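Protein chains in written order, with our numbering: chain F, 959 to 1274; chain A, -16 to 342; chain Y, 50 to 412.
The beta-carbon is built from N, C-alpha and C at its ideal position, and this holds for glycine as well.
Predicted model only: the values in this text are computed from it and were never measured.
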Amino acid sequence: MLETLSNVLHLIFSVSFILTVVTASTPLLLASSGELVVERSGVLNLGVEGMMIVGAACGFGGAYLSGSIFVGALCGIFAGVALSAIFGILTLGLAVNQVATGLALTIFGVGLSGLIGAGFVGEKIVPAAHLNLPVLTSLPVVGRILFGEDAFIYVSMALIIAIWLFLYRTRAGLVLRAVGDNHASAHALGYPVLRIRMLAVLFGGACAGLAGAYLPLAYTPFFIPGMTSGRGWIALALVVFASWQPGRLVIGAYLFGAVSILGLALQPLQLGIPQQVMNSLPYLATVIVLVLISRTRGTAGSAAPASLGTVFVPDR
Amino acid sequence: MRKWNIVAVAAALAIAAVTIHAYAADKLKVGFIYVGPIGDLGWSYQHDLGRKAMEKALAGKVETTYLENVPEGADAERSIEQLARTGHKLIFTTSFGFMDATLKVANKYPNVFFEHATGFKRAKNMSTYAARFYEGRYIQGQIAGKMTKSNIIGYIVSFPIPEVISNINATMLGAQSVNPNVKFKIIWVNSWFDPGKEADAAKTLIDQGADILTQHTDSPAATQIGSQRNIYTFGESSDMIKFGPKTQLTADTDYWGGYYTKRAQDVLEGKWKSEDTWGGLDSGMVVMAPYTNMPDDVKKMAEATQAAIKSGELHPFKCPITDQDGKTVECKGGTHLDAGQILSMNFYVKGIDDKIPGK
Amino acid sequence: MQLVLERRAERSTMIAVASPLIAVALTIVTFAILFAIMGKNPIEALYIYFIEPLTDPFSLQEIAVKATPLVLIAVGLALCYIANIWNIGAEGQFLVGAVCGSWLAVRTNGTDVGYWVLPAMLILGTLGGAIYGLIPAICRVYFGASEILTSLMLVYVANLGMDYMVRGPWRDPAGLNFPTTAAFDPVASVPTLLEGTGRLHAGSIIALVVVMLITVLLGRTIMGFEIRLVGAAPRAARFSGFSADRLVLITFAVSGALAGLAGIIEVAGPIGHLDPGVSSGYGFTAIIVAFLGRLNPVGILMAGLFLALTFIGGEGAQISMKVPLDLTKVFQGILLFYVLACDSLIVYRLRLLRSVKAAPAHA
């Protein structure tokens, strides 16, 4: 028993495990960061999985055709933006139900990515290069984590910090949060609610597209249809898990990544837990956390932006 | 009025399309049902290569159709039946999960011939076929046993079905034959095809000390991770050398082209019969990718083993086999385990410390 | 010049009637263009997708078979969505229903049991789905947790749970350790209606009956009125004494029950055994069907049949035109976009305004 515990602890605190977790969590962090901004502005975009997977297809295609990871990433971002624009036009321009549109976007995106990516299946590219600084990368523990990763990882970290600064330290961020909490009041004060939300939606699409592109550009350098495997849905859960706060989002993303890796890594230790139980841990964890955090706010509701998911049509 | 013109044009085009199809009716129409995308670079990809090989070998005499990504539920039966209804006379269903659906349709269409891969139900017009991958695994085990320095082999697997279990055992037996100290670390990713998870599993196994990786899943993710981290890997189903040019040792590839061509030929010549084919190295259904990135003596050993298995001199499951509880397994095939035992294998051999999940 | 959305004084009945037709027409046109871009003959493609499946009895029966679970689930979901309760977990409830009903089939497999087995299985499946559907409802009512995410997460849990059962305790002993239960006995299978010609089965009749029952429920019962009121005017509903919480529990239970029923019918009918691949995403496709049918049971029936038609047509297109199956998903997504957009025009109108000075931004 003690030996097993020691094995598990040894495993969790090893550098390579942490690295694997960081890379596994990065697409979650990227996608959920964008969705956090979207939801803070009051819009619920369930189409994250669709945007991610189109980002993966276009990202890989772009990188394969141009030979540059950077171009590939841009293609992924652009694809995500384009798809989120459809969502924005429908839900903000035509006041359509956000849940239905988001789901339609997911189904559309999955199909579209299959069509776009079909021609690229079986090809390989050179994956994103890892940083390799002379002295820093060889540092004992932090070396590889802080100085030896690829650009996507650093972008994801910088992004969430930037989002935090934006939301809590800039006026524009304050306005965005106001729009999410009470769009009627924000409108009365003269803020262009729909335009702010549209920008947020497009930003969310860009992040989702980038998150999707990360998978074939750095994680496994080839494209396979369906390669996002439901990460978009986990990203959605993460935003709620984090009570819509950036700091908790980072914790949540790495936690989820860790749980999914643990599901694999604990197997050779033969703890006797059926692997379906291990695999279901991230999802069960989300439900439990959702219940717990909602409870602390009382039965009235959760910490969500009050206008989340409601339709806004400015009266004249 | 415009509407009716469109309908008339549509009808005319449809009739034209059907007529053109009818002209091609002299050719034998062969249908393929794939469980995954042909781009999986693994299982379905190899079946499609087999289809293309057959097309080439029997050029002008056959016309093929394939359906990919067919889910193994209620939709499968419809897809198979659609092929039967649209004039396909020979239909290959390439995954275990299609078994009952294939049987149902076979019973409905007695004049169509069905071939089901890796299953065990047959009918007058339904055959089964599979490949003896475990032969290739034994060779891989030997190579791994010789090349490993840490004595830990990482094994990435999908589901604990008998085929996978027998392959794990064959690998271990091969490894033990040259290195009795080999240990396996096994990770189940619960999917035949999930590159992200396979990559995670590969990284985890390497982190836990494995210096050689092998897999029974379909994507080249593990080969790619191995290439990144300078760990030797074995490809699976197809030659994955492209993803690990300096690190792939060999691959246990499926070659279906020969079998497909033969069966189509049988239909063309009117001598198709329902049978159960289980081909291995000898019949060319299992082909080892070139032995690369290994020292010459290991290569020679592998080639010698390959020849021995091919000739029947060596059987990977030669008795006595001891299971992990220490009991000797009954030897129903005389000097080696018989086909039934291998096809339903549900135990690990001695030397594997893990427990089979779900037992 | 600005394009703005404006609420209409009252719903436009003309658009309400024409909207689905406009949406379908728009989708077909978009599709024809897509096919032309892909280098395929648009007319032939449209024929194969929409007309060909209607031309022979086998395909017609297949449409009914495919539509049955979709309609059953979607009708239940409509009840939730009308009341602004978002059950996204129908897929999980479908699987749990399948598992619960299959338990009885596996227990009695091979033994000489009477005809009570099948109805018992259906009841078990329905109950199982209902109970599983209550979990996200309870999380919302008692803990305030978003039902969208809890119900969604539970889908994955249900999937893994079923996977575990089929690979372990319920494995067919004669199945060489493959992950499937034994084939269900005939008494434990949903009977087909037109033996020999196709797979049309009694489940379709059940679906039709359910559609009629729910129509009556929504239109003529207090419960139906409650549901519609809570969706349209939640505060008024509260003042009337209707408890929104109670409604959450009831609608989730009913939609879970219907999804569970669909699950066991599908497994005991067309599939005939339980294995990890029993659902091809019915729970999610049903959400589209619910919206396409505008949350109205009869509309859902038609939408379900239409969507099933596109599935069958898509498979036919894959065979005869080598068109990838992904195109069907794209089609369904686009169709839903158009339907939602057109429906919006029932309640709102678009107006082009000459330059209007925006209200001065807060200094």
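Could you check which residue in Y:V327, Y:V303, Y:V338 has the C-alpha nearest to that of Y:G312?
-> Taking the first residue of the third sequence as 1, we reach residue 312 of chain Y at position 263. Taking only the C-alpha atoms, the option nearest Y:G312 is Y:V327.
Residue range of the alpha helix (DSSP H) that Y:W152 falls in?
-> Along the third sequence, read from residue 1 onward, the residue named residue 152 of chain Y stands at position 103. Residues 139 to 156.
Which residues of chain A have a Cβ atom closer than 7 Å to the Cβ of F:F975, listed in chain order?
-> Residue numbering aside, residue 975 of chain F sits at position 17 when the first sequence is read from its first letter. In chain order: D190.
Between the Cα of A:W239 and the Cα atoms of A:E38, A:E51, A:S62, which residue gives the shortest distance?
-> Position 256 of the second sequence, counted from the start, is the residue given in the question as residue 239 of chain A. Looking at the Cα atoms, A:E38 is the closest of the given residues.
Along the beta strand (DSSP E) that carries A:K168, what are the first and last residues, could you check?
-> In the second sequence, counting from the first residue as 1, residue 168 of chain A sits at position 185. Counting along the chain, A:K168 sits inside the beta strand (DSSP E) bounded by residues 166 to 171.
Using three-state DSSP, classify F:S1218 as helix, strand or coil.
-> For this step, residue 1218 of chain F is matched to residue 260 along the first sequence. F:S1218 falls in the helix class under three-state DSSP.
Is there a Cβ from chain F that is less than 8 Å from the Cβ of A:L196?
-> Numbered from its first residue, the second sequence carries residue 196 of chain A at position 213. No, because no Cβ of chain F sits closer than 8 Å to the Cβ of A:L196.
In chain A, which residues lie less than 7 Å from Y:F143 when you measure between Cβ atoms?
-> Working through the third sequence from its first residue, we reach residue 143 of chain Y at position 94. Chain A residues near Y:F143: none, gap ~11 Å exceeds 7 Å.
Which of helix, strand or coil does DSSP assign to A:A(-1)?
-> Position 16 of the second sequence, counted from the first residue, corresponds to residue -1 of chain A. Residue confidence is low: A:A(-1) scores 46 on pLDDT, short of 50, so the model does not pin down where it sits. No coordinate-derived value is stated.
Can you tell which of F:V1113, F:W1191, F:V1093, F:A1176 has its C-alpha closest to the C-alpha of F:Y1241?
-> Taking the first sequence and counting its residues from 1, the one referred to as residue 1241 of chain F is at position 283. With distances taken between Cα atoms, F:Y1241 lies closest to F:W1191.
Sequence-distant residues of the same chain with beta carbon closer than 7 Å to Y:I197, five excluded per side | Numbered from its first residue, the third sequence carries residue 197 of chain Y at position 148. W135, I137.
Out of A:E46, A:S294, A:T85, state which residue places its alpha-carbon closest to the alpha-carbon of A:F103.
-> Sequence index remark: in the second sequence, residue 103 of chain A carries index 120 (1-based). Answer by Cα proximity: A:T85.
Interface positions of the stretch 314 to 337 of chain Y facing chain A (Cβ-Cβ less than 7 Å), listed along the chain | E315, P319, I320, G321, H322, D324, G326, V327, S328, S329
Are the CB atoms of A:N152 and A:V13 nearer to each other than 8 Å?
-> As a position in the second sequence, residue 152 of chain A is number 169, starting the count at 1. As a position in the second sequence, residue 13 of chain A is number 30, starting the count at 1. No.
Chain A residues whose Cβ lies nearer than 7 Å to that of F:V1079 | Start at 1 with the first residue of the first sequence, and residue 1079 of chain F comes out as number 121. Near F:V1079 (Cβ distances below 7 Å), the residues of chain A are P20, G22.
Bridge-paired residues (DSSP) for A:E98 | Position 115 of the second sequence holds residue 98 of chain A. Under DSSP, A:E98 takes part in a beta bridge, and its partners are A:F75, A:S110.
Determine the direct distance from the alpha carbon of Y:L171 to that of F:Y1177, and round the result to whole angstroms.
-> Counting from 1 along the first sequence, the entry for residue 1177 of chain F is found at position 219. Counting from 1 along the third sequence, the entry for residue 171 of chain Y is found at position 122. Rounded to the nearest angstrom, the two C-alpha atoms are 45 Å apart.
Reference Y:A65; option with closest CA among Y:L399, Y:R403, Y:C391, Y:L401 = Translated into positions along the third sequence, residue 65 of chain Y becomes position 16. Looking at the Cα atoms, Y:C391 is the closest of the given residues.
Output, in sequence order along the chain, the residues in the stretch 147 to 180 of chain A whose CB is closer than 8 Å to any CB in chain F.
-> K168, I169, I170, W171, V172, N173, F176, D177, P178, G179, K180
Please state whether DSSP places Y:H411 in a helix, a strand or coil.
-> Numbered from its first residue, the third sequence carries residue 411 of chain Y at position 362. Unreliable placement is indicated for Y:H411, whose pLDDT of 48 sits below 50; the coordinate value is still reported in the next sentence. Coil.
Report the residues of the stretch 101 to 126 of chain Y with a CB closer than 7 Å to any CB of chain F, ordered along the chain.
-> none
Neighbouring residues, chain Y, relative to A:Q65 (Cβ below 8 Å) | Within the second sequence, the letter at position 82 stands for residue 65 of chain A. Correct list: E364, G365, I368.
Inter-residue Cα distance where the pair is F:R1102 and F:R1206 | By one-based count along the first sequence, residue 1102 of chain F stands at place 144. By one-based count along the first sequence, residue 1206 of chain F stands at place 248. Cα to Cα, F:R1102 sits roughly 24 Å from F:R1206.
Can you give the Cα-Cα distance for F:Q1228 and A:M328, rounded to whole angstroms?
-> In the first sequence, the residue the question calls residue 1228 of chain F occupies position 270. In the second sequence, the residue the question calls residue 328 of chain A occupies position 345. C-alpha separation (whole angstroms): 21 Å.
What are the boundary residues of the alpha helix (DSSP H) that Y:T62 is part of?
-> Numbered from 1 along the third sequence, position 13 holds the residue referred to as residue 62 of chain Y. Per DSSP, Y:T62 belongs to the alpha helix (DSSP H) from 62 to 86.
Comparing the C-beta of F:S1238 with each C-beta of chain Y, is any distance below 8 Å?
-> Reading the first sequence from its first residue, position 280 is the one you call residue 1238 of chain F. Answer yes: the Cβ-Cβ gap between F:S1238 and chain Y drops below 8 Å somewhere.
List the endpoints of the continuous beta strand (DSSP E) containing A:G137.
-> For the purposes of this step, residue 137 of chain A is taken as residue 154 along the second sequence, with counting starting at 1. Note, A:G137: beta strand (DSSP E), 135 to 140.
Taking 8 Å as the cut-off, decide whether the C-beta atoms of F:R998 and F:L1134 are in contact.
-> Within the first sequence, the letter at position 40 stands for residue 998 of chain F. Within the first sequence, the letter at position 176 stands for residue 1134 of chain F. Against a cut-off of 8 Å, the Cβ pair of F:L1134 and F:R998 comes out as a contact.
My understanding is that Y:I368 touches A:L66, with C-beta atoms under 8 Å, so please give their C-beta distance in whole angstroms.
-> Taking the first residue of the third sequence as 1, we reach residue 368 of chain Y at position 319. Taking the first residue of the second sequence as 1, we reach residue 66 of chain A at position 83. Here Y:I368 really is in contact with A:L66; their C-beta atoms are around 7 Å apart, less than 8 Å.
Spatial neighbours of F:L899 in its chain, beta-carbon cut-off 7 Å, leaving aside the 5 residues before and after | The requested residue 899 of chain F is not part of the displayed model; chain F covers only 959 to 1274.
Taking Cβ-Cβ distances shorter than 9 Å, what residues in chain A pair up with Y:L374?
-> The residue given as residue 374 of chain Y occupies position 325 in the third sequence. Simply L50, E51, N52, V53.
Would you check if the stretch 80 to 93 of chain Y and the stretch 259 to 279 of chain Y touch, i.e. whether three or more CB-CB distances between them fall below 8 Å?
-> no
Report yes or no: do three or more beta-carbon pairs, one from the stretch 272 to 291 of chain Y and one from the stretch 106 to 115 of chain Y, lie closer than 8 Å?
-> Put simply, the stretch 272 to 291 of chain Y does not touch the stretch 106 to 115 of chain Y. Fewer than three CB pairs are less than 8 Å apart.
Do Y:T126 and Y:A335 have their CB atoms nearer than 8 Å?
-> On the third sequence, position 77 is the one that residue 126 of chain Y refers to. On the third sequence, position 286 is the one that residue 335 of chain Y refers to. Here the sequence assigns Leu to residue 126 of chain Y, which means Thr is not the residue at that position. By the CB criterion at 8 Å, Y:L126 and Y:A335 fall inside the cutoff.
Would you kindly report the start and end of the unbroken alpha helix (DSSP H) that includes F:W1191?
-> Within the first sequence, residue 1191 of chain F is the residue found at index 233, counting from 1. Where F:W1191 is concerned, the enclosing alpha helix (DSSP H) stretches over 1189 to 1199.
Which partner residues of A:M223 appear in the DSSP bridge assignment?
-> Here residue 223 of chain A refers to the residue found at position 240 of the second sequence. Answer is none; A:M223 lacks a bridge partner.
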